[in-house]
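> Following this message is one structure expressed as structure tokens.
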Amino acid sequence: MNAKSLKRKEQLSKVMSDSLDHLRRLKTDKNSTILLLAPYVLLFTMFIIIPVVVAITLSFTYFNVIEMPKFAEFYGFYNYIMILTQDEVFLRYVLPNTLKYAIITGPGGYLLSFIMAWMLSQIQATPRKILALALYTPSMLGGVFIGVIFRTIFSGDKSGYINSILLNMGLISTPLDFLQSGDYLMNIMIFVTLWSSMGIGFLSMLAGILNVNKEMYEAAYIDGIKNRLQEIFYITIPSMKPQMLFGAVMAIVGAFNAGGIGVALAGSNPTPQYAGQLIVNHIDDYGFIRYEMGYAAALSVILLAIILLFSRVAYMLFGEKD
Amino acid sequence: MRIKKLILLVLVLLLGFTSLGLKTEVQASSSTTYTYALDDNGDFVQTQDAYLPGQTITYLGLDKPKDIAIDENNELVIADAGNSRVLVYNPVTDTIVREIRIEDYQMHPEIEDDPSYTMTNPTGVFVVLEESTYVGLGDIYIADANALIDGVSFGLIFHLDNSGNLLEVFGKPNSPMYGGLDFLPEKVSVDKAGIMYVISKGTSDGIIQMSNTGEFLGFFSSNAVTLTLREQIQQFIYTDEQLENLGINLTPPVFTSVFIDINGGVYSSSSGIQVDNIKKHNTQGTNMFADIFIATNLLSDIYVNDEGIIFTADQNGYIGVYTNDGEFIYTFGTINDVSVAGFFKTLSGIAVDNDGQIWTVDSGNSYLQSFAPTEYALTIYSAIINYNNTNYEEAIRLWQEVLSLNQLSILAHNGIAKNYLQIEEYQLAADHFKIAGNRDLFSESFWELRNIWLQAHLLQVILITFLFTLFYFVLKFVDKKYKIFAPVRAAILKTENVKIINDVLYMRTVSRKPADSFYYLRRKNKGSYLGALIILAITFLSYLMFVAGKGFIFQYTDINDLDLNSIILGFVVLIGLFIVCSYLVTSIQDGEGTMGEIFKGFAYSMWPFILGCVFSTVFSYVATNNEIFMLNVIFYIGIGWSFVLVFLSISEIQNYTFGQTIKSILLTVLFVIIILLVLSFIQMTIRQVFSFFEEFIKEAVRNVFS
């Protein structure tokens, strides 16, 4: 052994002991972990956990914004019992309406988004960008602006576009009252929502489709797939499962949380004959018109439960499994 | 003693017979036509006589009377068009109270050039029954399309007071809005504000509304042209000239009468093939009786009594009666050339006096005919009135009386149920609505019943669900630790591994992972023909359950009315044909599959359909009309999913592209239709041949043996 190698050995052992030290320090020093997690935990607690907990707590109380919340009867379940047994408007109109609206616009909008995204992915980059922007525009404009546009189109007098066209063609003799009669409002709401359903889910799916490795398609063609349909089934969808799941959850949440469109179209809450009344409108009605915050909170909790239930279904269909 | 007894017996018998004979004689002679109501399938069914022909008044010397009204003294006001007069007749004292003629009448003879009016053809009369600042009690309005002003023909409306003095005359409105249309008033009605509602001959724009000074206010309501689908397509494509040559009538059905009742409600009748011949208008003229059942469609007159019960006259001699909600009660009367009380030639006017008697004029006959209501009719009206006045208990008692007369009266069951609904006796209401076949209101009462049940049991339901969930998780946890269910699982696994059960259950996998599954079905040892057959049998059973076994609200055809044979035959034939045709079509289009594979693929696609049928059937027992959407969604998702699976199975089995698959399915459907047509032709031909030989043999037998 010469001096050089000895020195080397010394150096090596020093480095080793240093790193061991470092590891040991890491193990004992929990503060840094907390420090690193703190911003996220703090923000999440402040903006998500506390409001949800407060809402759930409020749902067991009677609260009219002026007095202190009072604990409700029936061990606090008074609001829930009222909703599920006494609230005729809720059981008769709001719940069936919401389910109908959500079941059609959720999966419908989801399918439309996927089809549109897939079609856009088949064309060149420049027109794709322009068209994607155009399709995304309704989501940027928001419910009120869409309401204004479609109120002109579906206006209930002769000056409405649809009525004018139908009258000119001789299909009807008097203008149809599209937005105030209750017979058409729900279907118009569904139509408008589908029209404007290219939202954030659409963008994520477009990105997902564009990210699929092109070589996979080539390989699949060599392996024997024959057509575009098989391409979608065997390559595109399996490769973009995360985006599909994201799109599905966004579609479900969006469908159940929508409420502005009916009020924006009809111009009043409650909507005529409760035809376009969704849970969110009902919450609005109780929370900000009647100031029964406890009741409104209970409704929100029920809405949360429904959304969770349907999200579970989405996870079962698209989640990472097997 | 014995003789005395015998005589007594004979006397009693005699008395009995005579009284019996008398009774039957009365019944037989008084009613000349049957009364018809609706049964729960919406078909006409004979019911008790509602009205019996009463007086027939012949001596008034009427000639083509066109209209009749009742004035404030319960006297009849008759538009005797043929004699150019209006007659006020009192049927109780049997006297002509007044005869109104207007001949060269000048209202202000002192003024020079004052026009003189002549009434020649009064076709419509209206009597004001409620006084206001604009109209006096008993004022008479007369519509005359052929009146004369200084000898020149004009359409006019005369306004007279209750003693027959001419007050006002209204002619054609000179507003430019009215334009160049003719003004030939046939019928007139007046509301409290003196606003006139006029029906003008040949005006298809609707009912003319005129102010109390005779200004044109607008067309009150109009009828829509109803065209068949073919005519609509022709109208869309052809030019106006072509349409004219075809003779397609684009003018809407005409209004025949307008009536304003004591509460100011405006009613109108129309004549023509359309659905809304009886209208009750709101102030804007919109029809509030949008989808009521109307028994006849050539209506000539309408009358509404103080309680809102609607009486209609049909040109073909039918008198119809409807409730104030437009619900059909019954109809009676007929057309016949024989002069028998209760038969009509051209029924033109109807009115009902304060005693409930119907008075009719017939422009073909020259006499007045009255009809007196029977106890049956009066009880029904009384029940309806009590319902409207919220005397529900009394109404129920009356409806029960009607039911004791006629157990099958749908109207009575409906009426009684509505009262029960009002007093919140939902179970009774539901029972009666069920008998009456009224699904909408049954749904309403069922909703209430369900709600009551929920209110009573919700906490228990939640508790039980919670306990069960808890129990489930506890069991799961215990099982994980101690494997207590291992034998059960093994048993299930064993049954699932039995070949045939495994084959059948494979359809679940198919519905979840179609693309791979169809491949395995074809290339690997998955599924079998027997399994496919069993699946089809299950499919058929669940479909049958869906068709025949839904809850009352959704079971539109009664199970007894279903033709089971045709359902079975249709199911088997359609599926068989589809599979065979699909094979024939695909085998000449580069398809790779065999018929057996197509059969298996089709059968194994049926799992969602089975689920859809079963779930929507079960759901239909707890659902009401409110949840009909959910029911449809379940069913259509099942059908849609199964259809997608069939599509994928063809695509996968034949190794087709998307376009090729669509093409082959369309061709298959076309082929199925062609085969069905050919089969029906063959069947018809065979029947012809059979009947030919049958006739032939019959003829031969007759000739040989006689």
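Line by line, the protein sequences are chains A and B. Take the first sequence: its letter number 292 is residue 292 in this note's numbering, and every next letter is one higher. Take the second sequence: its letter number 521 is residue 521 in this note's numbering, and every next letter is one higher. Beta carbons are placed, not taken as given, at the ideal position from N, Cα and C, and that holds for glycine.
#1: Spatial neighbours of B:S517 within its chain, please: CB distance less than 7 Å, with the 5 preceding and 5 following residues excluded, ordered by chain position.
#2: Which of the three DSSP states, helix, strand or coil, is assigned to B:D353?
#3: Is B:E393 near B:I423, with beta carbons less than 9 Å apart?
#4: Please tell me whether B:S339 and B:S300 are closer than 9 Å, where the distance is taken between their beta carbons.
#5: Please classify A:D223 as buried or exposed, where buried requires at least 16 neighbouring CB atoms within 10 angstroms.
#6: When you check each C-beta in the segment 94–106 of chain A against every C-beta of chain B, which residues fall closer than 8 Å?
#7: So, using beta-carbon positions, are B:Q589 and B:Q660 closer together than 9 Å?
#8: Please state if the CB of B:N83 and the CB of B:G724 are separated by a distance shorter than 9 Å.
#9: Mind pulling the chain A residues with CB within less than 7 Å of B:S270?
#10: Report the three-state DSSP secondary structure of B:V704 (helix, strand or coil).
#11: How is the alpha helix (DSSP H) around B:D503 delimited, first residue to last?
#12: Would you call the segment 206–216 of chain A in contact with the segment 233–249 of chain A, where contact means no fewer than 3 C-beta pairs closer than 8 Å?
#13: Below 8 Å, how does it come out for the segment 72–87 of chain B and the segment 117–137 of chain B: are there three or more Cβ pairs, yes or no?
#14: Does the Cβ of A:Y93 have 16 or more other Cβ atoms within 10 Å, making it buried, or fewer, making it exposed?
#15: Taking the beta carbon of B:R522 as the centre, do at least 16 other beta carbons fall within 10 Å, making it buried, or is it exposed?
#16: Does B:V321 come out as helix, strand or coil in the three-state DSSP assignment?
#17: Is the number of C-beta pairs between the segment 169–188 of chain A and the segment 270–280 of chain A that are closer than 8 Å three or more?
#18: Can you pull out the residues from the segment 227–257 of chain A whose beta carbon lies closer than 9 Å to at least one beta carbon of chain B?
#19: What are the residues of the segment 166–181 of chain A that lie near chain B, defined by any Cβ-Cβ distance shorter than 7 Å?
#20: Taking B:F629 as the query, report the chain D residues whose CB atoms sit under 7 Å from its CB, ordered along the chain.
#21: Once you ignore the five residues that flank B:S707 on each side, which residues in its own chain have a CB closer than 6 Å to its CB?
#22: Do A:A297 and A:L91 have their CB atoms nearer than 9 Å?
#23: Assign B:E131 to one of three DSSP states: helix, strand, or coil.
#24: Looking at B:F602: is its Cβ nearer than 9 Å to the Cβ of B:I639?
#25: I'd like to know whether the C-beta of B:L459 is nearer than 9 Å to at least one C-beta of chain A.
#26: Check the Cβ of A:R92 against every Cβ in chain B and list those closer than 8 Å, keeping chain order.
#27: Here's the rule: buried if 16 or more other CB atoms are within 10 angstroms of the residue's CB, otherwise exposed. What is B:L475?
#28: Answer yes or no: do B:F219 and B:G285 have a C-beta to C-beta separation smaller than 9 Å?
#29: Does DSSP put B:D161 in a helix, in a strand, or in coil?
#30: Where does B:F473 land, buried or exposed, given buried means 16+ other C-beta within 10 angstroms?
#31: Using a threshold of 8 Å, is the CB atom of A:G267 nearer than that to any non-hydrogen atom of the ligand MN?
#32: Which residue comes first and which comes last in the beta strand (DSSP E) that contains A:P127?
#33: Start and end of the beta strand (DSSP E) containing B:G218?
#34: Using the Cα positions of A:M293 and B:F552, report the straight-line distance between them to the nearest angstrom.
#35: Could you give the first and the last residue of the continuous beta strand (DSSP E) run that contains B:N245?
#36: DSSP on B:I195, reduced to helix/strand/coil?
Reading from the atomic positions:
#1: Position 517 of the second sequence, counted from the start, is the residue given in the question as residue 517 of chain B. Contacts found: T509, V510.
#2: Position 353 of the second sequence, counted from the first residue, corresponds to residue 353 of chain B. The answer is coil: DSSP assigns B:D353 none of H, G, I, E or B.
#3: Counting from one through the second sequence, the residue named residue 393 of chain B turns up at place 393. Counting from one through the second sequence, the residue named residue 423 of chain B turns up at place 423. Cβ distance < 9 Å, so B:E393 and B:I423 count as in contact.
#4: Here the question's residue 339 of chain B lines up with position 339 in the second sequence. Here the question's residue 300 of chain B lines up with position 300 in the second sequence. Cβ distance not < 9 Å, so B:S339 and B:S300 don't count as in contact.
#5: Residue mapping note: residue 223 of chain A aligns to position 223 of the first sequence, counting from 1. By the C-beta density criterion, A:D223 is exposed, having fewer than 16 other C-beta atoms within 10 angstroms.
#6: P96, L99, K100, I103
#7: One-based indexing of the second sequence puts residue 589 of chain B at position 589. One-based indexing of the second sequence puts residue 660 of chain B at position 660. Taking a C-beta distance under 9 Å as the contact criterion, B:Q589 and B:Q660 qualify as a contact pair.
#8: An answer regarding residue 724 of chain B cannot be provided, because it is not within the stretch 1 to 706 covered by chain B.
#9: On the second sequence, position 270 is the one that residue 270 of chain B refers to. Result: empty, since nearest Cβ-Cβ is about 14 Å, beyond 7 Å.
#10: Working through the second sequence from its first residue, we reach residue 704 of chain B at position 704. B:V704: helix per DSSP, three-state reduction.
#11: Reading the second sequence from its first residue, position 503 is the one you call residue 503 of chain B. It spans 499–512 - the alpha helix (DSSP H) in which B:D503 sits, taken as one unbroken run.
#12: yes
#13: At 8 Å Cβ cutoff, the stretches touch.
#14: By one-based count along the first sequence, residue 93 of chain A stands at place 93. Label assigned to A:Y93: buried.
#15: Along the second sequence, one-based indexing puts residue 522 of chain B at 522. Buried, since its Cβ has 16 or more Cβ neighbours within 10 Å.
#16: Locating residue 321 of chain B in the second sequence gives position 321, counting from the first residue. Correct three-state label for B:V321: strand.
#17: Flag = yes, the segment 169–188 of chain A and the segment 270–280 of chain A touch.
#18: N227, R228, L229, Q230, F233, Y234
#19: S173
#20: Of the protein chains in the structure, A and B, none is chain D.
#21: Only positions 1 to 706 of chain B appear in the structure, and residue 707 of chain B is not among them; the question remains open.
#22: As a working note, residue 297 of chain A is residue 297 in the first sequence. As a working note, residue 91 of chain A is residue 91 in the first sequence. Not a contact, by the Cβ cut-off of 9 Å.
#23: On the second sequence, position 131 is the one that residue 131 of chain B refers to. In this structure, B:E131 counts as coil in the three-state DSSP scheme.
#24: To locate residue 602 of chain B, count along the second sequence from 1; it is residue 602. To locate residue 639 of chain B, count along the second sequence from 1; it is residue 639. No, Cβ-Cβ distance for B:F602 and B:I639 is not below 9 Å.
#25: Position 459 of the second sequence holds residue 459 of chain B. Chain A contact via Cβ: present.
#26: Residue numbering aside, residue 92 of chain A sits at position 92 when the first sequence is read from its first letter. Going along chain B in sequence order, the residues near A:R92 (Cβ under 8 Å) are W447, N626.
#27: For this step, residue 475 of chain B is matched to residue 475 along the second sequence. Exposed, by the Cβ-count rule.
#28: Residue numbering aside, residue 219 of chain B sits at position 219 when the second sequence is read from its first letter. Residue numbering aside, residue 285 of chain B sits at position 285 when the second sequence is read from its first letter. Their beta carbons are under 9 Å apart, which means B:F219 touches B:G285 by this criterion.
#29: Taking the first residue of the second sequence as 1, we reach residue 161 of chain B at position 161. The answer is coil: DSSP assigns B:D161 none of H, G, I, E or B.
#30: The sequence position of residue 473 of chain B within the second sequence is 473, counting from 1. Exposed.
#31: As for the ligand MN, it is missing from this structure, which has no ligand bound.
#32: Walking along the first sequence from the start, residue 127 of chain A turns up at place 127. First-last for A:P127: 125–141, but that is the alpha helix (DSSP H), not the beta strand (DSSP E).
#33: Translated into the one-based positions of the second sequence, residue 218 of chain B becomes position 218. According to the DSSP assignment, B:G218 belongs to the beta strand (DSSP E) that extends over 216–219.
#34: Taking the first sequence and counting its residues from 1, the one referred to as residue 293 of chain A is at position 293. Taking the second sequence and counting its residues from 1, the one referred to as residue 552 of chain B is at position 552. Distance between the alpha carbons of A:M293 and B:F552: 41 Å.
#35: Counted from its first residue, the second sequence places residue 245 of chain B at position 245. According to the DSSP assignment, B:N245 belongs to no beta strand (DSSP E) but to the alpha helix (DSSP H) extending over 240–246.
#36: For the purposes of this step, residue 195 of chain B is identified with residue 195 of the second sequence, where counting begins at 1. B:I195: coil per DSSP, three-state reduction.
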